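J.: Once you've had a glance at the structure underneath, I'll fire off some questions.
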Amino acid sequence: MATGCWRTISLVMSLVCCVGNACRISEFFCDNGQCTGLDRFCDGRNDCGDKSDEPRQCTRCNRTYYGDRHKTYTIDIAKPKLDKMPYYCALTFIAGGGELGDIVELSFEKFNMGRLGSHFKDGCTAAYVQIIENNRSLNSAGAWCGQGIRWNVYYSESSNVTVVLVATNLTDDANSPPFEFKVNYRFLSRLDAVTRYGLANSMHHRGELIPGTVCDRSYHDCDSQICRVQSPNFPGIYPRNVTCYYHITQITVPENKYAMIAVSQRNEEKLKVKTSQAPHEKYGGPFGFQRSGLWYGEECQHDYVKVYDGATINDPLWLKFCRSGPLPEIISSGSEMLLEFHSIPYDHPELHSFELNVDVRFIPEDSLGTRMVDHKCDWVINSEQARHGALFSLQHSAPPGTKCSYHLRGNEHDIIWLYFVYFYAETRRDNNDDHHVIRIELFNGLTNNNTDNGSTNTFLDTAIGEKVPRICAHARNYPDYIPVRPCKLPEESYLSTQPEMFLRYRIMEGARLDFVRFVARYEFVDTFQHGNPVVGSECDRIFSGEHLRNGRFASPRNVFLFGRGGHPNLTCTYTFVAPPSKRVRITLRRMKTGRGQCTNEYNLDTRRYTCHHETDQALTEMHLTQYMWGEIAIPLACICEVHAPIDIETVSSKLKITFSLSNMNSKEDFNDYFFEADYEFVPYSDCSTGHYMAGMSGEIQIQSTEQRRGLSYAPKCPWFIDATNDKYIYLRIHGITELEECRTTNRIAVFSPGEMDPMAVVCPGDPDTSGSVEVFSKAWNKSVKSMSKLHHHSTSATNNNLIVEFIANEPGSYAAKWLKLAKQTGVKVVGKAAYQDECAHVCPELNACISSRLWCDGKTHCPSGIDEAEENCQRHQFPWLYVGVGGGFGAFIIVIVIIALARRKRETTAQKGHPVPTDDVSIDGKESEC
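As numbered in mature numbering (1 follows the signal peptide of the UniProt record, and there is no 0), residues -22 to -1, 1 to 908 make up the sequence shown, in order.
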């Protein structure tokens, strides 16, 4: 039993010993049970202690190497012996995952293998190195040879990399091609490779590797992820003899927009594509300076990157570039872009790699000029499609020599307003030569598209080099590029004289990638206006009934007359002149008053619309005024809102409509303030053209025989009473002013000429049963100046005239009497004489003077009848009976007087003085007349 226990203990001890002495896969197991690194095998040193790592004729080739993560290992391959030619050595490195790493890093400490004879067929002689990955065949893999330049690092794309060293023709003499190779390797985790994969919270999307290819990748919807186009094995040296295609597609596109793909790299350290010229070579020139920056097109004969505007290599080639330097944005015209990277088969090792940033732009579909359509960029903009908008330069890349044009085509009465909101074109300097990036030409009207020079008669402007177009820069910061301060003409904008404008630009041959960017705003300005123009006015119009019967008219639509065009206030007058036998009928259809807060009130008694504003922020009014008896104005209406058609008729044959706007802001125009209306010249039917009343007094007979309650425009028949000669009018109408007690719908309104508000509105009545309403001229109650000043400052006769208007709604017959007055001046009368301006015949109840011709003329004029009172009229009864009797006696007396005067001639009374006037001036013997 004891023996059995001992055997068991011995077996367990043996197992423990064996397990304890086992080496990891990244280590070499020595015969003595020690472990050492795999790179120590056959390195010429006794690392195990028992020389089991240095067996006779050992080799480091054709072995597989593992390693611990982050630990650096070294392999140095000696020059093979001549009897070993041709020489083949394969070193396989595997990252085992976890602590053994995910990625292989190879750093070439020494590299001098053979000679580089050509970059293409049979380029390497005597010796070369190949790196195989992703099951790529040796036949397709390129090779490195010659002397390595600086420090070169290779990072695997997979966990398995094989480095193959080949020597075919080495010798022992001094001219033998060299063979020196020493590499440091280590294994990294993916989390460590932040330059390639990004940080954990912002991982780079490197595209999906397309199966069956070495390096082709596809990208989708880079608007929602951080996409990076990287050279194979980035950020390490890329392999030789590869052609990689990077397909970038934006699948998800918002509604009413289209997508553009953009690639760029501003950091030149992340963009290094090998060229035929070594970095240490000098660029030929008088100073021998090294040429910097990217190369393009045919300059790139070896490694290069091509950018195609589409999904295949059959689509337009936007750009071919190589070398190192910042890469401005290269933008596709649509939602797909293809990048092609190609490296030549043979080269000496040099650390070249690249990474491009991918962005997605969503452009509104209606952004005019932002992209080519069917690889063309010629647009026609009709005013029927849009009255205004923005013109953009191409928002994507375009080959040098590209020509684009915009043909703005308006209606017959349109002109075109255009200004540049933004303009950028960088001048690129190459080899001390300036290359103009863009040439812009602007034509007033059409030009010949087949030539580079338009007609001098239509040429507006050109911009090239340092000469830029007219720019209204402050408009860029406002919606729709409409600034608070309008763009000035002609300093900041262009205005055509024709309904067409032609804008074209050309990307010059030397422009390359120095991108052009501009934004211009256009607007079709409608100069059409109804009617005939008035000389010296921008919007006053005349409509003559001699040539027209009816039609439509409206407010102007010229932006330069409104706030947005620089004019906060606007007044337009529309004059309608009918033949003498006709009048004018207006129907207002539509009206918009912007920010104005105004309401119309319709007075049923005067049949007039009036305006009532709640604020004076923006005032919009339309005043309709008819003219009679020459230029006597009779306001008909004030309109500031139209919810339903409004009909207004004149009595006269002349009508003026004044449309006035005030306090418009810089955003307001004809879309905020306008009206539309119809006019018609119609025959007279309801009343005559009006009555002109002059003289010292009179009576107005008013009669209506028709029922017109159904009419929306009751006829308003006017009488004009002319005051003249600084006199006043007194009007007496039988009726009442308490309209709520009125038993008829007829009205008599009294106005002062030119004013909308009536002085009185009377409900007319029968002289026997109703009272009377008295109306005086508007200036009657004003204070009278002194007599001396009256000779120089007379009261305006216009304010003293009266207009009597009868609004007939139903049958009726009425009368109104008027009397011309003069005010008493308070001048004292001496005897029977006074100044000429004084009057001797007064209506005391009116405190006014009347004409002497009205005194005792058999008609009552003063309301009290005092002008026809018996006591005031006796002195005017002449004694004709006594005249004849006393005539003979009078003749006798005259003879006697003559004789007596002759005798007393010397006793003349010539020395007798005349009376001296006092402060109260009087005039003797002449009767004043009103």
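The beta-carbon is built from N, C-alpha and C at its ideal position, and this holds for glycine as well. Quick caveat: nothing in here was measured; it's all calculated off a predicted structure.
1. Using only the alpha-carbon positions, how far apart do residue 243 and residue 306 sit?
2. Can you have a look at residue 833 and say buried or exposed, based on whether 16 or more other CB atoms are within 10 angstroms of its CB?
3. Just how far apart, CA to CA, sit residue 500 and residue 627?
4. How big is the Cα-Cα spacing for residue 512 and residue 518?
5. Please go through the same chain and pick out, in chain order, the residues whose beta-carbon is closer than 7 Å to the beta-carbon of residue 68, but skip the five residues on each side of it.
6. Starting from the Cα of residue 56, find the closest Cα among 329, 145, 34, 72 and give me that residue.
7. Does the stretch 610 to 619 come close enough to the stretch 516 to 535 that 3 or more CB-CB pairs lie under 8 Å?
8. So, are the CB atoms of residue 321 and residue 211 less than 8 Å apart?
9. Can you confirm whether the stretch 501 to 510 touches the stretch 379 to 394 when touching is taken to mean that 3 or more C-beta pairs between the two stretches lie within less than 8 Å?
10. Using the beta-carbon count (16 or more within 10 Å), is residue 789 buried or exposed?
11. What does DSSP give as the partner residue(s) for residue 208 in the beta ladder?
12. When the Cα atoms are used, what is the spatial distance from residue 315 to residue 440?
13. Does residue 223 come out as helix, strand or coil in the three-state DSSP assignment?
14. Whose C-beta lies closer than 6 Å to the C-beta of residue 676 among residues of the same chain, with five residues either side of it excluded?
15. If we count Cβ pairs, one from each stretch, closer than 8 Å, do we get three or more for the stretch 472 to 488 versus the stretch 373 to 384?
16. Sorted by chain position, which residues of the same chain lie with C-beta nearer than 6 Å to residue 1's C-beta, five sequence neighbours on each side aside?
17. So, for residue 508: in the same chain, excluding its five sequence neighbours on each side, which residues have a beta-carbon less than 6 Å away from its beta-carbon?
18. Beta-carbon separation of residue 77 and residue 114 under 8 Å?
19. Taking the straight line between their C-alpha atoms, what separation do you get for residue 991 and residue 454?
20. Applying the criterion that 16 or more other CB atoms from any shown protein chain within 10 Å of the CB defines a buried residue, is residue 910 buried or exposed?
21. State the start and end residues of the unbroken alpha helix (DSSP H) segment that holds residue 851.
22. Whole angstroms are fine: how far does the CA of residue 386 sit from the CA of residue 465?
23. Please state whether the Cβ-Cβ distance between residue 285 and residue 317 is less than 8 Å.
24. Along the chain, where does the beta strand (DSSP E) containing residue 282 start, and where does it finish?
25. Mind pulling the beta strand (DSSP E) runs of 3 or more residues that sit fully within the stretch 100 to 125?
26. Counting pairs of Cβ atoms below 8 Å between the stretch 292 to 302 and the stretch 94 to 107, do you hit three or more?
27. Any chance you could list the beta strand (DSSP E) runs of at least 3 consecutive residues sitting entirely within the stretch 8 to 78, in chain order?
28. To the nearest angstrom, how far is the alpha carbon of residue 562 from that of residue 659?
29. Among 641, 60, 157, 80, which residue has its Cα nearest to the Cα of residue 107?
30. Hey, could you find the ends of the beta strand (DSSP E) residue 459 is sitting in?
31. Along the chain, where does the alpha helix (DSSP H) containing residue 173 start, and where does it finish?
32. Helix, strand or coil: how does DSSP classify residue 790 here?
33. With the cut-off set at 8 Å, would you say residue 707 and residue 643 are in Cβ contact?
34. Considering only the alpha carbon of each residue, which of 236, 375, 274, 334 lies closest to residue 354?
35. For residue 438, which residues from the same chain have a beta carbon less than 7 Å from its beta carbon, with the 5 sequence-adjacent residues on both sides left out?
36. Quick check on DSSP: helix, strand or coil for residue 421?
T.: Taking the geometry as given:
1. The residue you call residue 243 lines up with position 265 of the sequence shown. The residue you call residue 306 lines up with position 328 of the sequence shown. Near 7 Å, if we compare the C-alpha coordinates of residue 306 and residue 243.
2. Counting from one through the sequence shown, the residue named residue 833 turns up at place 855. Flag for residue 833 reads buried.
3. For the purposes of this step, residue 500 is taken as residue 522 along the sequence shown, with counting starting at 1. For the purposes of this step, residue 627 is taken as residue 649 along the sequence shown, with counting starting at 1. Their backbone Cα atoms lie some 42 Å apart in a straight line.
4. Looking up residue 512 in the sequence shown gives position 534. Looking up residue 518 in the sequence shown gives position 540. The straight-line gap from Cα to Cα measures roughly 6 Å.
5. Working through the sequence shown from its first residue, we reach residue 68 at position 90. Within the same chain, residue 68 has close Cβ partners 39, 40, 140, 142.
6. For the purposes of this step, residue 56 is identified with residue 78 of the sequence shown, where counting begins at 1. It is 145 whose Cα lies nearest to the Cα of residue 56.
7. no
8. Residue 321 sits at position 343 when you count from the first residue of the sequence shown. Residue 211 sits at position 233 when you count from the first residue of the sequence shown. No, the pair does not count as a contact, with Cβ atoms beyond the cut-off.
9. yes
10. Within the sequence shown, numbered from 1, the residue matching residue 789 stands at position 811. By the neighbour-count rule (16 or more Cβ atoms within 10 Å), residue 789 is not buried but exposed.
11. Counted from its first residue, the sequence shown places residue 208 at position 230. Answer is 333.
12. Along the sequence shown, one-based indexing puts residue 315 at 337. Along the sequence shown, one-based indexing puts residue 440 at 462. If I take the Cα positions, the gap works out to 34 Å.
13. Within the sequence shown, numbered from 1, the residue matching residue 223 stands at position 245. Reduced to three states, the DSSP call for residue 223 is strand.
14. Here residue 676 is taken as the residue at index 698 of the sequence shown, counted from 1. For residue 676, where only same-chain residues beyond five positions count, the Cβ hits under 6 Å are 796.
15. yes
16. By 1-based counting over the sequence shown, the position of residue 1 is 23. Excluding positions up to five away in sequence, the list reads 7, 13.
17. Stepping through the sequence shown from its first residue, residue 508 is reached at position 530. Excluding residues within five positions, the ones whose Cβ falls inside 6 Å are 531.
18. For the purposes of this step, residue 77 is taken as the residue at position 99 of the sequence shown. For the purposes of this step, residue 114 is taken as the residue at position 136 of the sequence shown. No.
19. As shown, the chain starts at -22 and ends at 908. That puts residue 991 outside it, with no answer to give.
20. The chain is shown only over -22 to 908; residue 910 falls outside these bounds and no answer can be derived.
21. As a first step, residue 851 must be located in the sequence shown, where it is residue number 873. Residue 851 -> alpha helix (DSSP H) spans 848 to 851.
22. Along the sequence shown, one-based indexing puts residue 465 at 487. Along the sequence shown, one-based indexing puts residue 386 at 408. If you take the alpha carbons of residue 465 and residue 386, they lie about 20 Å apart.
23. Looking up residue 285 in the sequence shown gives position 307. Looking up residue 317 in the sequence shown gives position 339. Yes, these two residues count as a Cβ contact at 8 Å.
24. What you label residue 282 is simply residue 304 of the sequence shown in a count that begins at 1. First-last of the beta strand (DSSP E) with residue 282: 282 to 286.
25. 105 to 111
26. no
27. 13 to 15, 41 to 43, 51 to 55, 65 to 72
28. Indexing the sequence shown from 1 puts residue 562 at position 584. Indexing the sequence shown from 1 puts residue 659 at position 681. Spanning the two alpha carbons is a distance of roughly 5 Å.
29. For the purposes of this step, residue 107 is taken as the residue at position 129 of the sequence shown. Nearest C-alpha to residue 107: 157.
30. Residue mapping note: residue 459 aligns to position 481 of the sequence shown, counting from 1. Careful: residue 459 lies outside any beta strand (DSSP E) and carries neither H nor E.
31. Here the question's residue 173 lines up with position 195 in the sequence shown. Per DSSP, residue 173 belongs to the alpha helix (DSSP H) from 172 to 175.
32. Residue numbering aside, residue 790 sits at position 812 when the sequence shown is read from its first letter. If DSSP states are grouped into helix, strand and coil, residue 790 belongs with the strands.
33. To locate residue 707, count along the sequence shown from 1; it is residue 729. To locate residue 643, count along the sequence shown from 1; it is residue 665. Contact flag unset, no.
34. Within the sequence shown, numbered from 1, the residue matching residue 354 stands at position 376. Of 236, 375, 274, 334, the residue nearest in Cα terms is 375.
35. By one-based count along the sequence shown, residue 438 stands at place 460. The answer, listed in chain order, is 420, 421, 422, 472.
36. Here residue 421 refers to the residue found at position 443 of the sequence shown. Residue 421: strand per DSSP, three-state reduction.
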